[in-house]
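Data block below; observations after.
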Amino acid sequence: ARGEIQCIGATTFDEYRKYIEKDAALARRFQAIPVDPPSAEQSIEILKGIRDKYESHHRVKITDDALKAAVELSGRYITGRVQPDKSIDVLDEAGARVRIKSMRKPPDLADIEAEIERLSVAKDEAVKGADYEKAAELRDQAEQMRKKKEDIQAEWRAKQQESAGVVDEEIIREVVSKMTGVPLQKLEKEEAQRLLKLEDELHKSVISQNDAIKAIAKAIRRARAGLKDPKRPMGSFIFVGPSGVGKTLLSKSLAEFMFGDSDALIHLDMSEYMEKHTVSRLVGAPPGYVGYEEGGQLTEQIRRRPYAVVLLDEVEKAHPDVFNMLLQIMEEGRLTDSFGRHVDFRNTIIIMTSNIGADLIKGGGGFGFGKHAPDDKFESVKSVLMKEIERFFRPEFINRLDDVIVFRPLTKEDLVSIVEFEVGKVAERLTMQGFKLELDQAAKDFLIDKGYNPDFGARPLRRAIGTYIEDPVSEMLLSGELHEKNVLKATRKGEEDHLSFDSSYVAPPETEKAESKDESELESAESQST
């Protein structure tokens, strides 16, 4: 109070509130100065100022591009921390990684050590056999190899002392990728070309649904081009349509395309959150309740993996309080868990599926959109669906969505492509066991007839493949009817209610094919000469 002691302290807001602010007399002695995180430009200047220390510590050369990449990539992909702390950690980790790579022994050194070991064993055997002249010769050879080893080690250490390598932008990408689990090489390299071909990539696994794929691709391109609000998630959608038409499959395919891993999908079944007391499980139980230390089922997964596709399945079954939480996520891009921590949702894609109005799509509902309705009726049914959605969800919730995507029911023409896709997966599993599976057109038509049900989508077709292909083939495998290199041909004979399999054809190995070809050529040459 008398100014005899001059003091400067540094602490966090939480520590200040806990130890200083509650003591009014102590708090009055200090002038509180809030320190905000530096901007990207200021962070780069800070890194330039400490670059020399890290270069001398790790014995590496750090480029200017590496400093810029450390600030940009850490700011974009590392959440929950601020600059310049996370940029410095990335730079330190990158320098250590390059240093460790340079510490690997030269391959010549390993060969010399193996040769010394071999000579030592041979010398011991010579001594045991009383061949002392050979033992002395082997001893001299081993001594020469040890001197050569010392020379190589000295040269290697000298190179290490000079410089261990260069930390460039690519090394920074590798480090940030390891720290966050995001495949940056896939996300950043030629990303523009990949995003332009997003529809083609999704169509590889999702059959039909052109309107849905086109709508979600446009929204993703807007987000990745930087034209969306940076505070909001990359995209928030509601998928509406009947069961089994590809809503969940499209979500998985989108996760694999965007983040390089189909496991980057956080799947929550909203039927588990129908009661009011279960809603808190999303963000964690409040203090004093069972499960407080475990955290939230949604927030904990996002904290561990901030780059993911969040799939909220059958969202119409959730308690209305769930939608209040989703409002904050879709508008502010964050949610506060039970520990008071802010969980960042800005790098997620929120997808909600719903079966609202599915009966209108399946049966037409008097709107002329039945099993054989033309495409021009789809817009009328879509407008009716939107009215159903507006009746169920509140306006402030619908306004925060990027798009409501209506899925069409599958037709028989769509099942043709789905049969090829599903049978291909079975054939791939058989190929791993040394067999080959082939289906003719009659067999495919039979599967389509058995698996076509517009009310249930593609799932009956999957069951038909299991019943008429996987079950009989598994019995043939267990009974020993199939042998390696067999080509299993499936067909339907007449009006039979099952498929017939022919495994009599055995594909000859490539060597046998070549030998038979050579023999036939030799025989033809002999016949021509005669």
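Numbering-wise (the numbering used here), the sequence shown opens with residue 14 and increments by one. Every residue, glycine too, gets a C-beta built ideally from N, C-alpha and C.
Counting C-beta pairs closer than 8 Å gives three or more between the stretch 311 to 329 and the stretch 256 to 275, which meets the contact rule.
Using a Cβ distance threshold of 8 Å, L348 and T312 count as a contacting pair. Under the three-state reduction of DSSP output, D36 falls in the coil class, being neither helix nor strand. Going by beta carbons, G254 and A371 fall inside the 8 Å limit.
DSSP, read as helix, strand or coil, puts I411 in helix. G239 sits exposed, since fewer than 16 C-beta atoms from the chains shown fall within 10 Å of its C-beta.
Counting of Cβ neighbours within 10 angstroms places Y90 among the buried residues, the total reaching 16 or more. Annotation: E128 is outside any beta strand (DSSP E); the continuous alpha helix (DSSP H) that includes it extends over 120 to 141.
Here F514 is bridged, per DSSP, to A503. About 28 Å separates the beta carbons of L324 and R186, which is beyond the 8 Å limit, so they are not a contact pair. For R72, there is no enclosing alpha helix (DSSP H), as DSSP marks it with neither H nor E. The C-beta separation of L80 from L60 comes to about 5 Å, placing the pair in contact by the 8 Å criterion. It is roughly 42 Å from the alpha-carbon of I113 to the alpha-carbon of E212. DSSP places M192 in the uninterrupted alpha helix (DSSP H) bounded by 182 to 193. Unbroken beta strand (DSSP E) stretches of 3 residues or longer found wholly inside the stretch 406 to 479: 416 to 419, 449 to 452, given in chain order. At least 8 Å separates the beta-carbon of G470 from that of S221. Looking at the backbone, the Cα of R245 and that of E182 are separated by about 28 Å. One Cα belongs to K506, the other to S513, and the distance between them is close to 7 Å. Boundaries of the alpha helix (DSSP H) around F270: 260 to 272.
It is roughly 32 Å from the alpha-carbon of F352 to the alpha-carbon of F252. Just measuring C-alpha positions, the residue of L339, N466, V419, K457 sitting nearest R407 is L339. With respect to the C-alpha of D468, the residue from E508, F420, L443 having the closest C-alpha is F420. The way I'd put it, the stretch 162 to 174 does touch the stretch 121 to 128; three or more beta-carbon pairs between them come closer than 8 Å. K260 is the residue among K260, R237, K241 whose C-alpha sits nearest the C-alpha of D224. With contacts defined as CB atoms closer than 8 Å, V486 and E451 fail to qualify as a contacting pair. In this structure, the alpha-carbon of F448 lies about 17 Å from that of E435. When only Cα atoms are considered, T504 and D484 end up about 15 Å apart. Annotation for L263: V219 place their beta carbon closer than 6 Å to its own, counting only its chain and skipping 5 residues before and after. In the three-state scheme derived from DSSP, where H, G and I count as helix and E and B as strand, L80 is classed as helix. In the structure shown, the three-state DSSP call for I91 is coil.
As DSSP reads the structure, L278 sits in a beta bridge with V322. When rounded, the separation of the alpha-carbon atoms in T24 and R235 is 40 Å. For the pair Y286 and A277, the Cα-to-Cα distance works out to about 22 Å. Inside the stretch 318 to 367, DSSP marks whole beta strand (DSSP E) runs of 3 or more residues at positions 321 to 326, 347 to 349, 355 to 357, 361 to 367, from first to last along the chain. When the beta-carbon positions are compared, I129 and A109 stay at least 8 Å from each other. Distance check between L495 and each of E441, S516, N368 places S516 closest, using alpha-carbon atoms only.
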